[in-house]
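Chains as they are written, first to last, in the numbering used here: chain W, 290 to 647; chain C, -7 to 301.
Notes for the one structure printed next.
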C-alpha cells in the first residue's frame, strides 16, 4: 500500500544498536498495554495482574526458581534459533527437536547400561545428536529438494510428539508405573543436580549461557558464522562467493536442532526424571523460543536476557492462573500480541518515518 | 464385508475430512497467488470454529454460524494483511503470530463453552437420485454436509476466476511481478489485502464446518493441525484449485485408510501418519524447477515497495 501523502517513509541504511533497543522496548510496552486492556475486560485490574506476575515470578525463591527453570529450555532453543534464522532457515520445529533430545536421553538413561559417571555426558551428547538429526532432515530437504522448511519442521514436531506418545504407551512404558503412561524413573546417576529442592538444574543453565557466548563468537568471529550470515542476507552473493548453501544450512541446523535436543535432555534429566506426556515435557518451549530469538534480534547473547524475560512471563502465567483464576491460554494471546508488535515495530527500525510538510 | 464397503467408507470419510482441508486450501491458494504466505490458517480456522459454535448455539441457526465465522475469519486475517503488506513485516513470523493469537484467543474465550452439546448442528443431507448410484451414491452423496458440496462447486469457480478472468490475471501478476503490475496501474496492496481476506473467509468457514458439523461441540485446539496441512496441500496443489481438490480428498482418504489399519499398528504411530504423508507428498512433488513452471508465485513472501527491488 502506498503510504498516505502526509507520511514520509525512508529506508534507514542500518539501524543503530540504540534504535533497535529503544524500538524493542517500546514494542514490549505496547504489547503489555494491550494485554492490560485484555486483563481489564476480564475483570482483573491490569496493575494487580502484572503485580502478581512479577511478584509471583521474581518475588520469592520458589517463584524465581520456576522462572529459571522455564528460562533454561527457552535459552537453549532460542540461541539455536538465532543461528537458524540467520541462515534464513525457518526452524519452527524446535519443539520436536527438543522432544527427540528427551527421547535419546531417556533411552541412554534407562537402557544403555553405561556406568554412572559416563551416563550424564552420554545423555547430553545423545540428546544433542538426536535433536541435530531431527533438525538436519528438513535442512537437507530444503536445500536439496527445495521443500518448504516451515512445513517440514512443523510436521516433524507432530511426528516427534507421536513418537514420544508411542514410546510411553508402548515399548518404554515403565513396569513400575502401575500402567500409567510414563517410563520408569531415571537412576540417580542419570539426574542433573539441582539447586536445593527446586527444579533449577543449574549445570544445564550454565551450559546454556556458555553456549550463548560460544554462539555469539561463532556468528561474529568465525568464517562459518560469517558464511551463515551471507547465505541468510544475500543468497546470490553467497553463491557468487562460492559459499556452499547446503553446508551452511546444515551446520546452522545441526546447532539449532542440537541445542534444542540439549534442552530436551535438561527437561527429562533435570526436572521430570522420566519420559512422560510430550505436552508436559515441552509446554510449547520451541514456539516461545521463536519469539525469544526474534526479540533478541537474532543476537545469541541477547537471548540470555530475552529468555529470562519469557521465563518470568511463563512462571508468572502459572501464578495468575492459580491466584486470579485467569486461563493459562492468556500466555498464548500475549505471545501472539507481542510478536505482532515486534514485527510491526521493525518498520520503525528499517524505515525512518516522519510527517511531511508541504 | 467386501471391498465395496471399504470403498464406500473411504469415499465418505475422504469427503467429510477433506472438506475443511479443501476450504482452507482454496483460500490459501488465493492469498499465496497474490504473493502473501499466510501461516495463520490454523489461527483463523480456530476463531472461525469458535465463532460459529457460539453463534449457532445461541441462535440455533447453523447458517448464521457459518456467516459469522466467515466474517470473523476475514477480519482476523486483516491483522496479517496489515503486518505483512502495509508494515512489510516478515510473513513467516506474522503468520505464526496470527496462529498463536488465534489459538490463544479462542482458548480463552471458549473456556465457558467447553463440553456444551450443540443441539442444532448442520443436518446430514442425502442427495436425491445421485445417492442411488451404486458405491458412489452411498459414498459421496449420503449423510454429508451441504458445505462439502458447496466447497466442491467452488473449485471450478475459483479455478475459472484465477486462470480465465481479468481478476485472476491481476492476482497472479501481483504475485509474480508486483513492480510490473504496479506500472500498469494495478493497486498491488489492495489486491493482496483482498486475497488475504479471501483466505481468512475460507479458513473461517472451514472452522465452522468443524465445530458445527464435523464434531458439533467446542474444544480448545479442535482444529488439531488441519491449518498446517492446508499449507502443505497448497504447495502440493501447485497453487491450483483443481489440484487442491485432488490433494485434499487424497490426503483425507490416506488419513482414513491409515486409521482403518488400527489392528496392524499402534494408534500413536497411526496418528503420526498424516504428517509423514505430508512430508512424503512434498518430497514427491519437490522438483524445484517443476514447481516454478507449475505456478509457484515468484514474489511469494516478498513485500512490495514502489521503487525498491
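We put the CB at the ideal spot given by N, CA and C, even for glycine.
Predicted model, so just to flag it, every value in this text is computed and none were measured.
Residues of the same chain with a CB within less than 6 Å of the CB of residue 151/C, apart from the 5 flanking positions on each side, are 233, 234 in chain order. Taking the Cα positions, residue 347/W is about 8 Å away from residue 356/W.
Assignment of beta-bridge partners to residue 136/C by DSSP yields 117/C.
Cβ-Cβ distances below 8 Å link residue 618/W to nothing in the same chain once the five nearest sequence neighbours on each side are left out. In the structure shown, residue 505/W falls within a helical segment according to DSSP collapsed to helix, strand and coil. Listed along the chain, the chain C residues whose CB falls inside 8 Å of the CB of residue 636/W are 79, 80, 81.
In chain order, 354 place their CB closer than 6 Å to the CB of residue 487/W, counting only its own chain and leaving out the 5 sequence neighbours on each side.
Around the beta-carbon of residue 469/W, fewer than 16 other beta-carbon atoms lie within 10 Å, marking it exposed. Counting only Cβ-Cβ distances below 8 Å, residue 616/W has contacts in chain C at 99, 100, 103, in chain order. Fewer than three pairs of CB atoms, one per stretch, sit closer than 8 Å, so the stretch 379 to 390 of chain W makes no contact with the stretch 623 to 630 of chain W. Residues of chain W with a Cβ closer than 7 Å to the Cβ of residue 256/C do not exist; the shortest Cβ-Cβ separation is about 14 Å. Between the alpha carbons of residue 154/C and residue 174/C lies a gap of roughly 19 Å. For residue 324/W, same chain residues with a beta-carbon under 7 Å away, outside a window of 5 residues either side, are 623, 626 in chain order. At least one beta carbon of chain C lies nearer than 7 Å to the beta carbon of residue 621/W.
When C-beta distances to chain W are compared with 7 Å, the residues of the stretch 224 to 236 of chain C below that value are 224, 227, in chain order. In the three-state reduction of the DSSP assignment, residue 152/C falls in the helix class, which pools H, G and I. Within chain W, the residues 444, 447, 448 have their CB atoms less than 7 Å from the CB of residue 267/C, given in chain order.
Under the Cβ distance rule, residue 167/C does not count among the residues neighbouring chain W, no pair being separated by less than 7 Å. Around residue 84/C, the same chain offers 29, 31, 293 as residues with beta carbons nearer than 8 Å, after the five sequence neighbours per side are excluded.
Residue 274/C has a beta carbon lying within less than 7 Å of a beta carbon in chain W.
Minimum Cα-Cα distance from residue 482/W among the listed residues 557/W, 349/W, 570/W corresponds to 557/W. Secondary structure remark: continuous alpha helix (DSSP H) runs of at least 4 residues inside the stretch 28 to 63 of chain C, in chain order: 33 to 51.
Scanning the stretch 507 to 594 of chain W for uninterrupted alpha helix (DSSP H) segments of 4 residues or longer gives 512 to 522, 524 to 529, 534 to 555, 567 to 571, 574 to 584, listed from N- to C-terminal end.
Around the beta carbon of residue 516/W, 16 or more other beta carbons sit within 10 angstroms, so the residue counts as buried. When the beta-carbon positions are compared, residue 363/W and residue 538/W stay at least 7 Å from each other. Remark: fewer than three beta-carbon pairs, one from each stretch, lie closer than 8 Å, so the stretch 560 to 580 of chain W and the stretch 413 to 421 of chain W are not flagged as touching. Taking each of -1/C, 142/C, 47/C in turn and checking the Cα distance to residue 209/C, the smallest one comes out for 47/C.
C-alpha of residue 101/C to C-alpha of residue 434/W: approximately 42 Å in a straight line.
With a cutoff of 7 Å on beta-carbon distance, residue 201/C and residue 132/C are scored as not near each other.
In summary, the residues of the stretch 578 to 599 of chain W whose CB is separated from some CB of chain C by less than 8 Å are 579, 583, in the order they occur in the chain. Annotation: residue 486/W is outside any alpha helix (DSSP H) and is labelled neither H nor E by DSSP. Collapsing the DSSP output to three states places residue 296/C in coil. Here residue 22/C carries a helix assignment [DSSP, helix/strand/coil]. Against chain W, the CB of residue 96/C has a partner CB under 7 Å away; the residue lies at that interface. For residue 350/W, the enclosing alpha helix (DSSP H) starts and ends at 350 to 375. When secondary structure is reduced to three states using DSSP, residue 451/W falls in the helix class.
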